[in-house]
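Novice: Here full-length UniProt numbering is used: the first residue of the sequence shown is 1, the next is one more, and so on.
Note that the Cβ used here is the ideal one computed from N, Cα and C, for glycine as well.
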Amino acid sequence: MEKKISELKNRRRKAIQILYRLFLLDENTNKIKQEVLDGFQLETFDEELNDYILDLLENTEEYKDIISELLPETWNWTRLPKVIQSILINAIYEIRKEITPKAVVINESIELTREYLPSFETSFVNGLLDNVKIEN
Numbered sequence: 001m002e003k004k005i006s007e008l009k010n011r012r013r014k015a016i017q018i019l020y021r022l023f024l025l026d027e028n029t030n031k032i033k034q035e036v037l038d039g040f041q042l043e044t045f046d047e048e049l050n051d052y053i054l055d056l057l058e059n060t061e062e063y064k065d066i067i068s069e070l071l072p073e074t075w076n077w078t079r080l081p082k083v084i085q086s087i088l089i090n091a092i093y094e095i096r097k098e099i100t101p102k103a104v105v106i107n108e109s110i111e112l113t114r115e116y117l118p119s120f121e122t123s124f125v126n127g128l129l130d131n132v133k134i135e136n
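Quick look at the structure:
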């Protein structure tokens, strides 16, 4: 069980790093997908991680739209720090695909927010993710 939790955290971190690169450098999603397929982004090939990241990248625009709809009127997508964008996209992916229980995803996202951007208000992340609907 401990190994499974560790693998999930590792997968989440790698996904956030790849998303961060995508948003920070404004790179083409197809280019990053190809690099993932070629193994450039991963230290060792992990088919499960590979599939996770490719599926996540495939749905990034949809998840951006979900976040934009949930943001307060005074906010927009571009106002969010890139690392927060990455954390939120990954969290919505996990919630919508029911990879991890929603409460766990929210808690992990709050922890990652504190780690990567301690000055950002974690209640903002909590509130936004709490309003994400599970896909049926």
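1) State yes or no: is the C-beta of V132 within less than 8 Å of the C-beta of I89?
2) Please confirm if the stretch 71 to 80 is in contact with the stretch 107 to 115, defined as three or more CB-CB distances below 8 Å between the two stretches.
3) So, is residue 164 buried or exposed, given that buried needs 16 or more other C-beta atoms within 10 angstroms?
4) Check P99 in the structure and name its three-state DSSP category.
5) Quick one: is the Cβ of R114 within less than 7 Å of any heavy atom of the ligand GTP?
6) With C-beta atoms as the reference, is I18 less than 8 Å away from I87?
7) Identify which residue in S68, W75, R13 has its Cα closest to the Cα of L56.
8) Does DSSP put W75 in a helix, in a strand, or in coil?
9) In the DSSP assignment, find the unbroken alpha helix (DSSP H) run with S68 in it and report its ends.
10) Look up L25 in the DSSP assignment and say whether it is helix, strand or coil.
11) Can you tell me whether E7 is buried or exposed, with buried defined as 16 or more other CB within 10 angstroms of its CB?
12) Just mark Q85 as buried or exposed, buried being the case when its beta carbon has 16 or more other beta carbons within 10 Å.
Specialist: Looking at the coordinates:
1) no
2) no
3) There is simply no residue 164 to check, as the chain begins at 1 and stops at 136 in what is shown.
4) Inspection of the sequence shows that residue 99 is occupied by Ile rather than by Pro. Looking at I99 - three-state DSSP - the assignment turns out to be coil, as it is neither helix nor strand.
5) Ligands displayed in this structure: none; no statement on the ligand GTP is therefore possible.
6) no
7) R13
8) coil
9) 60 to 70
10) coil
11) exposed
12) buried
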